[in-house]
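Written out below as structure tokens is the structure these notes cover.
Quick look at the structure:
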């Protein structure tokens with residue numbers, strides 16, 4: 001089915017809301033099916049500039065967004081209608097569907113879109129501004145001497161202005177480089193969550209890890225399936241999350257940590273905290 005140019009989809013799973021420009025984006029970016037029964041999918045037209053600016057202020061500037069359900073209200077996305085668990089059809093010709101009453105919209109959003117997390121409806125959220133919400137950078141890299149061979153994982157947590165919060169090293173045992181890369185990404189995400197970081201941008205020089213965590217590449221190696229699941233489970237615990245590939249020269253600190261970690265026992269972690 002051809003996608004409509006101004007349509008967008010609001011998807012709720014757990015405590016996270018995702019906004020996608022098409023069902024293709026939903027499947028490609030999130031790595032999930034639009035027909036997953038655990039999802040609530042809603043369709044709208046013409047995502048307002050105000051909504052895009054607000055999402056951008058949260059650090060969500062790509063075509064696909066994700067945000068905590070507690071940070072939106074009934075008016076954030078305009079008028080929405082629920083999509084059935086099959087390919088949603090256009091409701092352009094139906095006035096009743098295209099323009100649901102505010103009470104009906106509140107019922108839709110309050111019951112299905114939010115679940116146990118209530119939407120704020122009071123005036124204190126009418127002017128939502130999260131521009132000052134800090135985000136943190138997670139740099140990761142893995143190393144394997146022999147591929148497979150003695151392996152290590154390294155990660156760096158930084159503030160958005162580049163200051164180092166923590167350097168992490170973990171022994172991976174005998175493993176391939178791809179396993180070490182996954183372990184490094186997981187290491188960084190785990191420690192970010194332990195510190196209470198909710199908005200993160202993850203970067204590493206493993207295009208495979210980045211693309212598989214995004215759901216864009218299939219997992220051909222069985223030993224990466226469980227690691228991918230762990231990484232995605234951690235990803236879903238953040239309010240906003242990005243993972244991007246960077247060239248090796250921009251990942252030198254994490255690379256050095258990974259090579260140092262080769263000498264550690266499997267699961268042994270060394271932490272160097274610079275900012276508490």
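Numbering (UniProt numbering), first residue to last: 1 to 276. Glycine residues also receive a C-beta, built at the ideal position from the N, C-alpha and C atoms. All figures in this text were calculated on a predicted structure; none of them were measured in a lab.
Local conformation of residue 157 per DSSP, three classes: By 1-based counting over the chain shown, the position of residue 157 is 157. Three-state result, residue 157: strand.
Please classify residue 178 as buried or exposed, where buried requires at least 16 other C-beta atoms within 10 Å of its C-beta. To locate residue 178, count along the chain shown from 1; it is residue 178. Buried: at least 16 other Cβ atoms inside 10 Å.
Can you tell me whether DSSP reads residue 167 as helix, strand or coil? Stepping through the chain shown from its first residue, residue 167 is reached at position 167. Reduced to three states, the DSSP call for residue 167 is strand.
Buried or exposed: which applies to residue 228, given that a residue is buried once 16 or more other Cβ atoms fall within 10 Å of its Cβ? Translated into the one-based positions of the chain shown, residue 228 becomes position 228. Residue 228 is buried by the Cβ-count criterion.
Of the choices 9, 22, 152, whose alpha-carbon is the least far from that of residue 44? If you number the chain shown from 1, residue 44 lands on position 44. It is 9.
Less than 7 Å separating the beta-carbons of residue 261 and residue 141? Locating residue 261 in the chain shown gives position 261, where the first residue counts as 1. Locating residue 141 in the chain shown gives position 141, where the first residue counts as 1. No, they are not a contact pair.
Are there 16 or more other CB atoms within 10 angstroms of the CB of residue 50, so buried, or fewer, so exposed? Here residue 50 refers to the residue found at position 50 when the chain shown is read from its first residue. It counts as exposed.
Quick check on residue 220: does DSSP put it in helix, strand or coil? Numbered from 1 along the chain shown, position 220 holds the residue referred to as residue 220. Three-state DSSP puts residue 220 in coil, outside helix and strand.
Which residues bound the alpha helix (DSSP H) around residue 183? Here residue 183 corresponds to residue number 183 of the chain shown, with the count starting at 1. Residues 177-194.
Segment contact, 8 Å Cβ cut-off, at least three pairs: the stretch 238-249 with the stretch 145-157: In short, these stretches do not touch, since the Cβ pair count stays below three.
Measure from the alpha carbon of residue 270 to the alpha carbon of each residue in 146, 172, 136, 208, then state which is nearest. Numbered from its first residue, the chain shown carries residue 270 at position 270. Of the candidates 146, 172, 136, 208, the one whose C-alpha sits nearest the C-alpha of residue 270 is 172.
Closest to residue 284 by CA distance: which of 242, 217, 268, 143 is it? Only positions 1 to 276 of the chain appear in this structure, which leaves residue 284 out of reach.
Top-ranked residue by Cα proximity to residue 223, from 184, 176, 200: Along the chain shown, read from residue 1 onward, the residue named residue 223 stands at position 223. Looking at the Cα atoms, 176 is the closest of the given residues.
Between residue 205 and chain D, is the shortest Cβ-Cβ distance under 7 Å, so that the two count as touching? Considering every chain present, this structure includes no chain D. It has just one protein chain.
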